[in-house]
Structure formats: structure tokens, C-alpha cells
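Numbering (this note's numbering), first residue to last: 2 to 169.
Even for Gly, the Cβ is constructed at its ideal location relative to N, Cα and C.
Quick caveat, the model's predicted, so the values are computed rather than measured.
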């Protein structure tokens, strides 16, 4: 049923924001397609990133709304990389929206340079309450979920929410 919800929601839309309140972000392992030099390893645990705010973007290689927001995410990354860590998490294998090859191809085609990878932990989407594609989760430096945004996130809104998180 969750797969149906995710696929049905992969239409983009204006987005929906929800404040946090559910404690620490769940830990999981990320195998990186790119960004290992920046993050220090080919495979990391999400909890290793505590101490710096994280913008975690759930996406898939064959998700048109995910593709549409990636250039804005890239611009955000270039501006904020010293203040927050942006990670793109490919969940195409769990949603039927692409393989790892499709994800790598999209990153290359759009010249995306921010850290991106995948997880083999199928419970991650449930743990982060991902009900639409794309979904972006803002995690503060203590590891607590600050806010979740379901749907396409433009650069203006991405900057606004990140600045709110940084100013707390």
C-alpha cells in the first residue's frame, strides 16, 4: 500500500510542510554514488552527520518531479554547503521509480555534484514518513527532525526552511 501512495503522489504539486516533533531522525546506512570525499567514506551512517544540519532529499531516477527540483537543490548546495549538508537519497528501488543505474544517469545528465546515494534499508521511507516523491526532511545539528516537505521544493522555500532551522 505504501508503494501505491508513493507512486500516486509522484506528481509534484506545490508541496506540503509539516513541523517535526518525532524526535531524532532514524539512523540508516547510505552507500554513496558521489560525495565520498566530502563525507569521508563510501558508506556512511546517517547518525555520523550529527553536529551539522542536514537536508535529506528522497528522490528516484524515474520521478519527473524529483528531476524538476534537482537544479534548485544543486544551486542550494553551492550556496549552503558550508552551513548544511545536502544528501540526495535514491529510493527508486523501493518505489518502482528506477534503478541505481537510472539514478546515476540522472545525476550525470543534470551535472549534480551534491552527495547522493542509496540505502538497502527498506524501512527508511516508513521511518521518515515519506508519502510522496520527492520528500525533503530537514534535520537539525542535534539530529532531530526539524521539518518535512512533501512534493517539489523550490530554491526559495528550501532556503527559507533551512534558514529557519539554522536560526533556532
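In the structure shown, residue 28 adopts coil according to DSSP, grouped into three states. Under DSSP, residue 89 shares a beta bridge with 58, 117. Residue 84 and residue 53 have their C-alpha atoms some 7 Å from each other. No Cβ-Cβ contact shorter than 9 Å links residue 123 with residue 90. Taking 9 Å as the cut-off, the beta carbon of residue 79 is found no closer than this to the beta carbon of residue 113. Between residue 144 and residue 42, the gap from beta carbon to beta carbon reaches 9 Å or more. By the C-beta density criterion, residue 69 is exposed, having fewer than 16 other C-beta atoms within 10 angstroms. Of the residues assessed, residue 102 falls on the exposed side of the cut-off, its CB having fewer than 16 other CB atoms within 10 angstroms.
Contact between residue 86 and residue 50 holds: CB atoms are separated by about 6 Å, below the 8 Å threshold.
Burial of residue 58 is indicated by the presence of at least 16 other C-beta atoms within 10 angstroms of its C-beta. As the crow flies, the alpha-carbon of residue 38 is around 30 Å from that of residue 133.
Out of 81, 36, 129, 109, the CA that lies nearest to the CA of residue 159 is found in 81. If you look at residue 164, you'll find it isn't in any beta strand (DSSP E); it sits in the alpha helix (DSSP H) that goes 156-168. Residue environment analysis places residue 93 among the buried positions, since at least 16 neighbouring C-beta atoms fall within 10 angstroms of its C-beta. When C-alpha distances from residue 88 are compared across 62, 105, 137, 24, the shortest belongs to 137.
Counting along the chain, the unbroken alpha helix (DSSP H) around residue 127 starts and ends at 125-128.
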